[in-house]
Amino acid sequence: MKRKITVVLIVVICFLLQSTLFKALSIASISPNLLIIVTSSFGFMRGKKEGLLTGFLCGLCIDIFYGETIGTYAMIYMYLGYINGRFRKIFFPEDIKLPIILITASDFVCNILIYFFQFLFRGRFHFLYYAIHIIIPELVYTILVTVFLYFILLKINQKLELAEKRSTRRVV
Numbered sequence: 149m150k151r152k153i154t155v156v157l158i159v160v161i162c163f164l165l166q167s168t169l170f171k172a173l174s175i176a177s178i179s180p181n182l183l184i185i186v187t188s189s190f191g192f193m194r195g196k197k198e199g200l201l202t203g204f205l206c207g208l209c210i211d212i213f214y215g216e217t218i219g220t221y222a223m224i225y226m227y228l229g230y231i232n233g234r235f236r237k238i239f240f241p242e243d244i245k246l247p248i249i250l251i252t253a254s255d256f257v258c259n260i261l262i263y264f265f266q267f268l269f270r271g272r273f274h275f276l277y278y279a280i281h282i283i284i285p286e287l288v289y290t291i292l293v294t295v296f297l298y299f300i301l302l303k304i305n306q307k308l309e310l311a312e313k314r315s316t317r318r319v320v
């Protein structure tokens, strides 16, 4: 129960930071995607199920407040969380290379899917413009923020795992 409450709080805090503070700190109207960082991180730290549920919650927040249709972002983030969860077996907390690679790939795939669902279906074929002005700057900004936010999420996850281990020892 403690983990679920903590994950919901992290998602809400990151969503609020992404939509307020980082919008104010945007560079050329581009801000980092904190919810991709959260979704990917909990996916490869905790597994497929946790990544899927965290991704669904993150995507649902975006759908409710910014989406034109409910479910598009929830579906995208849910699949990204699930796919990142498949890398749990090769995850080592001390090594930042895998998280950077997975978060970069997740942000890129997310933006490609958003372009596909929201622009290409409407007949807007300016992919190169979208890639140069939105995808790449957001990717760079997200990677820079990942270096800091990842370690915060890692410490929170380690404390939650330690608390879970202590509580299972009491029961046994």
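The sequence shown begins at 149 in my numbering and counts up by one. All C-beta atoms in this analysis are idealised placements derived from N, C-alpha and C, irrespective of residue type, glycine included. Here the structure is a predicted model, which is why all the values come from computation and not from measurement.
| said: On a Cα-Cα basis, can you pick out the residue from ILE244, ILE260, PRO241, GLU242 that is closest to LEU228? | reply: In the sequence shown, counting from the first residue as 1, residue 228 sits at position 80. The shortest Cα separation from LEU228 among ILE244, ILE260, PRO241, GLU242 belongs to ILE260.
| request: Indicate the three-state DSSP secondary structure (helix, strand or coil) for ILE175 in the structure shown. | output: Position 27 of the sequence shown, counted from the start, is the residue given in the question as residue 175. Looking at ILE175 - three-state DSSP - the assignment turns out to be strand.
| said: Residues in the same chain with beta-carbon distance under 7 Å from VAL155, minus the five sequence neighbours each way, listed in chain order, please. | reply: Sequence index remark: in the sequence shown, residue 155 carries index 7 (1-based). Hits under 7 Å: PHE190, THR202.
| Rounded C-beta distance between ASN232 and LEU205? I'm assuming under 8 Å. | Taking the first residue of the sequence shown as position 1, residue 232 is located at position 84. Taking the first residue of the sequence shown as position 1, residue 205 is located at position 57. So it is not a contact: roughly 15 Å between Cβ atoms.
| query | Is the beta carbon of THR294 less than 8 Å from the beta carbon of PRO241? | reply | Within the sequence shown, residue 294 is the residue found at index 146, counting from 1. Within the sequence shown, residue 241 is the residue found at index 93, counting from 1. Not in contact: THR294 and PRO241 (Cβ atoms no closer than 8 Å).
| task | Tell me, please, whether the stretch 272 to 281 touches the stretch 298 to 309 by the rule of three or more beta-carbon pairs shorter than 8 Å. | result | no
| said: I'd like the list of long-range same chain contacts for TYR126, defined as Cβ closer than 6 Å, with 5 residues on each side in sequence excluded. | reply: Here the chain covers residues 149 to 320 and nothing more, so residue 126 does not appear.
| task | Can you tell me which of the three DSSP states GLU242 falls into? | result | Here residue 242 corresponds to residue number 94 of the sequence shown, with the count starting at 1. Three-state DSSP puts GLU242 in coil, outside helix and strand.
| request: Helix, strand or coil for THR217, going by three-state DSSP, please let me know. | output: As a working mapping, residue 217 is identified with position 69 in the sequence shown. Looking at THR217 - three-state DSSP - the assignment turns out to be coil, as it is neither helix nor strand.
| request: Rounded to whole angstroms, what's the CA-CA distance from LEU292 to GLU216? Just pull it up for me. | output: Here residue 292 corresponds to residue number 144 of the sequence shown, with the count starting at 1. Here residue 216 corresponds to residue number 68 of the sequence shown, with the count starting at 1. Whole-angstrom Cα-Cα distance: 29 Å.
| Out of curiosity, what's the CA-to-CA distance linking GLN306 and LEU182? | The sequence position of residue 306 within the sequence shown is 158, counting from 1. The sequence position of residue 182 within the sequence shown is 34, counting from 1. If I take the Cα positions, the gap works out to 20 Å.
| Alpha carbon of ARG234 to alpha carbon of GLY195, nearest angstrom | Numbered from 1 along the sequence shown, position 86 holds the residue referred to as residue 234. Numbered from 1 along the sequence shown, position 47 holds the residue referred to as residue 195. Straight-line spacing of the CA atoms in ARG234 and GLY195 works out to 6 Å.
| request: Check each candidate in ILE175, ILE238, SER177 and name the one with the smallest Cα separation from MET193. | output: Taking the sequence shown and counting its residues from 1, one reaches residue 193 at position 45. Out of ILE175, ILE238, SER177, ILE238 has the C-alpha closest to the C-alpha of MET193.
| said: Between the alpha carbons of MET149 and ARG272, how many angstroms are there, rounded? | reply: Within the sequence shown, residue 149 is the residue found at index 1, counting from 1. Within the sequence shown, residue 272 is the residue found at index 124, counting from 1. MET149 and ARG272: Cα-Cα distance of roughly 45 Å.
| field | Euclidean distance between Cα positions of LYS313 and PRO285 | value | Within the sequence shown, residue 313 is the residue found at index 165, counting from 1. Within the sequence shown, residue 285 is the residue found at index 137, counting from 1. Between LYS313 and PRO285, the C-alpha separation is close to 41 Å.
| request: Just confirm the distance between the C-beta atoms of GLN166 and SER179, as a whole number of angstroms; I'd bet it's less than 8 Å. | output: Along the sequence shown, read from residue 1 onward, the residue named residue 166 stands at position 18. Along the sequence shown, read from residue 1 onward, the residue named residue 179 stands at position 31. That belief holds up - the Cβ atoms of GLN166 and SER179 are roughly 7 Å apart, short of 8 Å.
| request: Quick one: residues in its chain with C-beta nearer than 8 Å to the C-beta of VAL159, no 5 flanking neighbours on either side, listed in chain order? | output: Working through the sequence shown from its first residue, we reach residue 159 at position 11. Closer than 8 Å at the Cβ level, and outside the excluded window around VAL159, lie LEU183, VAL186, THR202, LEU205, CYS206, CYS209.
| query | Can you tell which of PHE264, THR290, ARG236 has its C-alpha closest to the C-alpha of SER123? | reply | Nothing about residue 123 can be reported from this structure: the residues present for the chain run from 149 to 320 only.
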